[in-house]
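Using the numbering used here, read the sequence shown as starting at 1 and increasing by one per residue. I have placed the structure first, in the form of structure tokens, so that the comments after it can refer back to it.
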Amino acid sequence: MEAFPNEDLPHSRRQRSRGSRRFGILSAFAGLALFLGAIYLSSRLGIEMARNHLPEKESQQPELPESETFRVGRSGDPLYLAQTPDALRRFFAAHPTPDDRASTNLSGLGIRRLQDSLELTPLRTEADAVEVKVASGAISGAVYWIHHSQLPQQATLDPIISPVPGAILQ
1 MEAFPNEDLP
11 HSRRQRSRGS
21 RRFGILSAFA
31 GLALFLGAIY
41 LSSRLGIEMA
51 RNHLPEKESQ
61 QPELPESETF
71 RVGRSGDPLY
81 LAQTPDALRR
91 FFAAHPTPDD
101 RASTNLSGLG
111 IRRLQDSLEL
121 TPLRTEADAV
131 EVKVASGAIS
141 GAVYWIHHSQ
151 LPQQATLDPI
161 ISPVPGAILQ
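Here it is in structure tokens:
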């Protein structure tokens, strides 16, 4: 009765073909889900790493004692002080080199240039500017903003995080 011995062959090939198609579709969905999951987890990891690298909120930072002071500048080196951090940032962005800053006319820019060393008390930070209270000299008691590049011990500062006043003193 085996007149047609290969009669089952096309049927079994069809079954294998359907099975492999289903497996291919299933594996494509699994691969897509794995890919989307990897993207999501990668983004969450990046967000958490960025959050861990940010300084604490101002409300959670302890008040700095008034007695912590540090000295900036040397006699003859210019110090640039500003009333607002934005004016200071604009000035340092427009005049990136020390020679360029030294030859700039400061009238109308909201920047004060001093050629002396000062004792300063850090109050708070905002990105690349540090709010300080002058503790010595003719302008003692005045509050200004100073660029972080003018602070002592720049090597201890993390360039991604704004300078932390407590780290300046260490």
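From the three backbone atoms N, C-alpha and C, an ideal C-beta is built for every residue, glycine too.
Notebook entry, point to check: Taking DSSP as the reference, what is the three-state secondary structure of PRO98?
Noted result: Against the sequence shown, residue 98 aligns to sequence position 98. Helix, per DSSP.
Next item on the list: Go ahead and label ALA50 buried or exposed: buried means 16 or more other beta carbons lie within 10 angstroms of its beta carbon, across all protein chains shown.
Entry: For the purposes of this step, residue 50 is taken as residue 50 along the sequence shown, with counting starting at 1. Exposed, because fewer than 16 other Cβ atoms sit within 10 Å of the Cβ of ALA50.
Item checked: Rounded C-alpha distance that separates HIS53 from HIS147 -> The count along the sequence shown starts at 1 and reaches residue 53 at position 53. The count along the sequence shown starts at 1 and reaches residue 147 at position 147. HIS53 and HIS147: Cα-Cα distance of roughly 21 Å.
Notebook entry, point to check: In this structure, does DSSP put ILE47 in helix, strand or coil?
Noted result: As a first step, residue 47 is located in the sequence shown; it is residue number 47 there, counting from the start. Here ILE47 sits in helix by DSSP.
Note to self: Out of ALA138, LEU32, GLY24 and ILE39, which one is the CA nearest neighbour of GLU119?
What the structure shows: Position 119 of the sequence shown, counted from the first residue, corresponds to residue 119. Checking every option, the nearest Cα to that of GLU119 belongs to ALA138.
Margin query: Run through the DSSP bridge pairs and tell me what PRO122 is partnered with.
Written below: Your numbering for residue 122 matches position 122 in the sequence shown. VAL132.
Notebook entry, point to check: Per DSSP, what kind of secondary structure is ALA93 in: helix, strand or coil?
Noted result: Position 93 of the sequence shown, counted from the start, is the residue given in the question as residue 93. In this structure, ALA93 counts as helix in the three-state DSSP scheme.
Check: Are there three or more Cβ pairs, one per stretch, closer than 8 Å when the stretch 80-93 is compared with the stretch 34-46?
Finding: no
Notebook entry, point to check: When the Cα atoms are used, what is the spatial distance from PRO78 to LEU45?
Noted result: Indexing the sequence shown from 1 puts residue 78 at position 78. Indexing the sequence shown from 1 puts residue 45 at position 45. PRO78 and LEU45: Cα-Cα distance of roughly 43 Å.
Check: By DSSP, does GLN60 sit in helix, in strand, or in coil?
Finding: Counting from one through the sequence shown, the residue named residue 60 turns up at place 60. Because the pLDDT at GLN60 is just 45, under 50, the model does not fix this residue reliably, and the value given afterwards should be weighed accordingly. Residue state, collapsed to three classes: helix.
Margin query: Could you compute how far the alpha carbon of TYR144 sits from the alpha carbon of LEU41?
Written below: As a working note, residue 144 is residue 144 in the sequence shown. As a working note, residue 41 is residue 41 in the sequence shown. Spanning the two alpha carbons is a distance of roughly 43 Å.
Margin query: Just list the residues that DSSP pairs LEU114 with in beta bridges.
Written below: Along the sequence shown, one-based indexing puts residue 114 at 114. According to DSSP, LEU114 bridges with LEU79.
Item checked: Reduced DSSP category for ARG74 - H, G, I as helix; E, B as strand; rest coil -> Mapped onto the sequence shown, residue 74 falls at position 74. Correct three-state label for ARG74: coil.
Notebook entry, point to check: Going along the chain, which residues of its own chain have a beta-carbon closer than 7 Å to the beta-carbon of SER136, five neighbours each way excluded?
Noted result: Within the sequence shown, numbered from 1, the residue matching residue 136 stands at position 136. Closer than 7 Å at Cβ, skipping near neighbours: LEU118 and GLU119.
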